[in-house]
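Colleague:
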Amino acid sequence: MNDETFLMSLIPGLGIAKGMALTLHRFFEPKVTIKYPEVTSEIIPKSRGRLQLLYDEWGSLKCETCFQCAQACPIECIDMGGMDTRGRFHVHWGPPETYGERREESALRRSGRPVPDPAFVTFAAVDLSGLDAILESFDHDPAQMLLILEATQAAYGYLPVAALKRISEKTGAWYAMIYGTASFYSHLRFEPAQAVHQAAAVDVHRPSETSYLTALDAALGRDAGQLGQPARA
Amino acid sequence: MTPGSWASRPERKEMVELLATPAAWPAILLGRAQAADPTDLDAAVRDGAFDGLRRAIRDLGATATIAEIASSGLRGRGGAGYPAAEKWRTAVSIEAPRRYAVANGYGADPACHTDRTLLVRDPFAIVEGLAIAAFAIGASEAFIAVRAEDTDVVAALATAIGEATEAGFLGPDVLGSGRDVFMSVRPVQGAYMLGEETVLLKALEGKRGQPEQRPPYPAQRGLLGMPTVVNNVQTLAAVPWIIRNGAAAFAATGDPASPGTVLVQLRTPGGDGIAEVPLGTPLGEVIALGASLPAGRSLQAILVGGPSGGLLPPAALDTPYTFAALRAAGAHLGSGSIVVVDDRTDLVELVGVLTRFCSSEACGKSIPCRIGTKRLAELVARREDGLARPTDDVLGQDLAADIVASALCDHERLATLPYTSGMRYFASAFDCASRPEPAATEAPR
Ligand SMILES: Cc1cc2nc3c(=O)[nH]c(=O)nc-3n(C[C@H](O)[C@H](O)[C@H](O)COP(=O)(O)O)c2cc1C
Ligand code: SF4
Ligand code: FES
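As given, the protein sequences belong to chains A and B, one line each in that order.
The first sequence maps to residues 1 to 233 in the working numbering.
The second sequence maps to residues 1001 to 1445 in the working numbering.
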């Protein structure tokens, strides 16, 4: 409290007088009725209106669970919980402590799934001792997350949910943050390698690069795989 | 490691041959490219490697080193052509407990192997250039980010860094300067966007690879919040040459507004090749380095800049290969890729391939990126199928302008180039009346 506010606080009834002044001011203000929708009221530029998840015209959810909104929300009122795109496991935003578990449940209810969700609890058990060694070698440092995830995938063949949870617990990074990282890079995967992956193992490009190069060569009228041939015929 | 794990993939084996260039063209980047063993430090030192670092530390000092780079006029080779010295000065001007220097060797364009060729053929040039940059800005940690798939690049750099450290060119108290420069290779993989500098820094921090709003630029607030200089590997490889031969010698090469040379990958119907080309060389002369077109074929267009490049007509063959001239023509220097398109190619299909790739690689962070590029790809697809709507011309124009105006990062802005340049120069090819009749059974895309 600085000197001025201290002195003001000594005047009795000042607070009440201030409050009443505001009330009286509002009371005698002209009343306004905006004839919406004929007249649209001015909305502050930062207003995002009512938050809603929208579908595009093909019927797929526009939200791609990037958690940007939850990350940006200053009071953490945005929580997203739901199944991942393959319907296999839960993702949600929030700290990994018990409070997070409660929010997870509430998210389940809101997305209309039973609690506890069978899809959520029946993950194959994995032996996490190898992971603990990996985490130890990276000093449990969340800034090394990509390297931790790559090492985990190298050890298990994929990123099991139980492993992601353990990484979250041990590094203190939020589960959703880790999921956001893991789901962005195309070399990281959440399920054991499928036949498609194995067939692609001889390929050195990411699948989207391979199809781009093939389509490019087709459009140019070149045979695929001509790359690397000298330009001088 | 299990089969199919990306990390266990074999290296990207394709190596593109170097094309013969006129003897009068300077060899700034590929001067040591013919070395028998590019990771042999003694041989490289005999050829002048680390002379630049020695001169920067012993004779010039940090401030004069930056001044030398400034007067050479060196511009960034990563695509945007930003003056290198200005970036370094910004990083120096900001009070910070630490600074970082990062070499961007990711090479995002899958069809362009210029950076990778340089990294394999002369790893010491990048190590030395990055060491000079780190010394000049006062960074004690430096990273070379490369594609993890390129295991040969990773190995060559690891060897080069190890040898340079052993010889005292890196590590604690570099050449008695009192400054430390610890360097390491950081293999990254899994997204096209990793080439963009803010995304690359996110990956180095172990985060989801989505770009950040700029400003603040990485030189102001980059890796772990510290001032960070990110330079393309070709930019850095030119630095030792400039310090060794003087800024004036460099400024005399290439184009007065953007001196020096760049690596270009030509992709022609006859094959591929890489060449070191002085900036300002007319496009036609660059293309003449490669194979001539198959008999009976004529030149239809030139795609300059990679997947987000612009399509230029044969009339643009005398456009000088510089940042400004290419942008004015509706293309950009980009990855250094130049694709020769002959008259067999359906340009609308080509634009479709490029736009779809750009759209599918967009990160999803902003609306122009997530939805804008997708709508643009759909619009081109309608044209490919001969099903364009009457409003599509105006819609495409507006959409492209809106994407450019509201984009978060350069990727969305550039992703509009194939379409806008196609419409600008090849409007008749895009006219639906000239398209083949859509097959009756085909559902609209
Ligand atoms: C979509 C996209 C991809 C990029 N890919 C690369 C790349 O592969 N290599 C690179 O050096 N710069 C790339 N850049 C440019 C970088 O963001 C950055 O400007 C550059 O590394 C800075 O180095 P310079 O100043 O030496 O040019 C890319 C930019 C965008 C928008
Ligand atoms: S998670 Fe991402 S895509 Fe989904 S609503 Fe939030 S910001 Fe939008
Ligand atoms: S690619 Fe998504 S914001 Fe630029």
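Where a beta carbon is used, it is the ideal one built from N, C-alpha and C, also for glycine.
What are the boundary residues of the alpha helix (DSSP H) that includes Pro19 of chain A?
Modeller: For the record, residue 19 of chain A in the displayed sequence is Gly; it is not Pro. Per DSSP, Gly19 of chain A belongs to the alpha helix (DSSP H) from 14–28.
Colleague: Based on Cα-Cα distance, which residue from B:Lys1087, B:Gly1138, B:Asp1037 lies nearest to Leu1119 of chain B?
Modeller: For Leu1119 of chain B, the nearest C-alpha among the options comes from B:Asp1037.
Colleague: Give me the chain D residues within the contact set of Ala1145 of chain B, using Cβ-Cβ distance strictly less than 7 Å, ordered along the chain.
Modeller: This model lacks chain D altogether, as its protein chains are A and B.
Colleague: So which residues of chain A does Gly961 of chain B contact, with C-beta pairs closer than 7 Å?
Modeller: One cannot answer for residue 961 of chain B here, as it falls past the ends of chain B, which runs 1001 to 1445.
Colleague: Which residues in chain A have a C-beta closer than 7 Å to the C-beta of Pro944 of chain B? List them in chain order.
Modeller: Limits of chain B in this structure are 1001 at one end and 1445 at the other, which puts residue 944 of chain B out of reach.
Colleague: If you draw a straight line from the alpha carbon of Gly1178 of chain B to that of Arg1098 of chain B, how long is it in whole angstroms?
Modeller: Each residue's alpha carbon lies about 16 Å from the other.
Colleague: What is the DSSP secondary structure of Ser41 of chain A, counted as helix, strand or coil?
Modeller: Coil at Ser41 of chain A, not helix or strand.
Colleague: Anyone know if the C-beta pair for Tyr1425 of chain B and Val1380 of chain B falls short of 8 Å?
Modeller: In this structure, Val1380 of chain B does not lie closer than 8 Å to Tyr1425 of chain B by Cβ.
Colleague: Quick check: Gly1176 of chain B and Ala1145 of chain B, are their CB atoms within less than 8 Å of each other?
Modeller: Against a cut-off of 8 Å, the Cβ pair of Ala1145 of chain B and Gly1176 of chain B comes out as no contact.
Colleague: Find the nearest neighbour of Met1015 of chain B within the set B:Thr1039, B:Gly1334, B:Arg1116, B:Ile1132, judged by alpha-carbon distance.
Modeller: Considering only alpha carbons, the answer is B:Arg1116.
Colleague: In the structure shown, what three-state DSSP assignment does Asp127 of chain A receive?
Modeller: Correct three-state label for Asp127 of chain A: coil.
Colleague: Mapping DSSP to helix, strand and coil, what is Gln1234 of chain B?
Modeller: Here Gln1234 of chain B sits in helix by DSSP.
Colleague: Would you mind stating whether Leu146 of chain A and Lys170 of chain A have Cβ atoms separated by less than 8 Å?
Modeller: Their beta carbons are not under 8 Å apart, which means Leu146 of chain A does not touch Lys170 of chain A by this criterion.
Colleague: Skipping 5 residues on each side, what residues in its chain have a beta carbon closer than 7 Å to that of Pro96 of chain A?
Modeller: Residue confidence is low: Pro96 of chain A scores 43 on pLDDT, short of 50, so the model does not pin down where it sits. No coordinate-derived value is stated.
Colleague: Are the C-beta atoms of Leu1350 of chain B and some chain A residue less than 8 Å apart?
Modeller: At least one chain A Cβ lies under 8 Å of Leu1350 of chain B.
Colleague: Tell me whether Pro1218 of chain B counts as near ligand 3, meaning its Cβ is closer than 7 Å to at least one heavy atom of that ligand.
Modeller: Every heavy atom of ligand 3 is 7 Å or more from the Cβ of Pro1218 of chain B, so no.
Colleague: Is the shortest distance between the beta-carbon of Gly180 of chain A and the beta-carbons of chain B less than 8 Å?
Modeller: Interface residue, yes.
Colleague: Among A:Glu42, A:Gly15, A:Asp132, A:Cys69, which one has its Cα closest to the Cα of Ala162 of chain A?
Modeller: Checked all of A:Glu42, A:Gly15, A:Asp132, A:Cys69; the closest Cα to Ala162 of chain A is A:Asp132.
Colleague: How about Tyr55 of chain A: is its Cβ closer than 7 Å to a heavy atom in ligand 1?
Modeller: Not so, every heavy atom of ligand 1 lies at least 7 Å from the Cβ.
Colleague: Please tell me whether Ala219 of chain A has its Cβ less than 8 Å away from any Cβ of chain B.
Modeller: Cβ-Cβ to chain B under 8 Å: yes for Ala219 of chain A.
Colleague: Report yes or no: do the stretch 1087–1098 of chain B and the stretch 1020–1030 of chain B share at least 3 C-beta pairs separated by less than 8 Å?
Modeller: Touching, no, given that fewer than three Cβ pairs across the two stretches are closer than 8 Å.
Colleague: Name the two residues that bound the continuous alpha helix (DSSP H) containing Gly1129 of chain B.
Modeller: Start and end: 1123–1137.
Colleague: Determine the DSSP secondary structure at Arg206 of chain A, reduced to helix, strand or coil.
Modeller: Residue state, collapsed to three classes: coil.
Colleague: Taking just the CA atoms, how far does Leu149 of chain A sit from Arg189 of chain A?
Modeller: So the two alpha carbons sit approximately 10 Å from each other.
Colleague: Leaving aside the five residues before and after Asp1402 of chain B along the sequence, list all residues of the same chain whose C-beta is less than 8 Å from its C-beta, in chain order.
Modeller: Same-chain partners within the cutoff: Pro1368, Gly1372.
Colleague: Just checking, does the stretch 1316–1323 of chain B make contact with the stretch 1281–1290 of chain B on the three C-beta pairs under 8 Å criterion?
Modeller: Contact holds: three or more Cβ-Cβ distances are below 8 Å.
Colleague: If contact means a Cβ-Cβ distance below 9 Å, which residues of the stretch 1331–1348 of chain B contact chain A?
Modeller: So the list reads Val1339, Val1340, Val1341, Asp1342, Arg1344, Thr1345, Asp1346, Leu1347, given in the order they occur along the chain.
Colleague: When the Cα of Glu1163 of chain B is compared with those of B:Pro1123, B:Pro1314, B:Gly1334, B:Trp1241, which residue comes out closest?
Modeller: Minimum Cα distance to Glu1163 of chain B is reached at B:Pro1123.
Colleague: Determine the burial state of Gly1168 of chain B: buried for a count of at least 16 other Cβ atoms within 10 Å of its Cβ, exposed for fewer.
Modeller: When all chains shown are included, Gly1168 of chain B counts as exposed.
Colleague: Listing by chain order, which chain B residues have their CB less than 8 Å from the CB of Arg26 of chain A?
Modeller: Correct list: empty, because the minimum Cβ distance to chain B is about 39 Å.
Colleague: Can you determine whether any heavy atom of ligand 3 sits closer than 7 Å to the C-beta of Gly1334 of chain B, and answer yes or no?
Modeller: For ligand 3, not one heavy atom lies less than 7 Å from the Cβ of Gly1334 of chain B.
Colleague: Under 8 Å between the Cβ atoms of Val1181 of chain B and Ser1140 of chain B?
Modeller: Yes, they are a contact pair.
Colleague: Establish whether the CB of Leu188 of chain A and some CB of chain B are separated by less than 8 Å.
Modeller: It does; some Cβ of chain B falls within 8 Å.
Colleague: Taking Cβ to Cβ, would you say Leu1311 of chain B is nearer than 8 Å to Gly1422 of chain B?
Modeller: Cβ atoms of Leu1311 of chain B and Gly1422 of chain B: closer than 8 Å.
Colleague: Please list, in chain order, all residues of the same chain as Leu1266 of chain B whose beta carbon is under 6 Å from its beta carbon, the five residues on each side excluded.
Modeller: Around Leu1266 of chain B: Gly1273, Gly1290, Ile1338.
Colleague: Taking the DSSP output, what are the residues bridged to Tyr1100 of chain B?
Modeller: B:Glu1141, B:Thr1228, per the DSSP bridge assignment.
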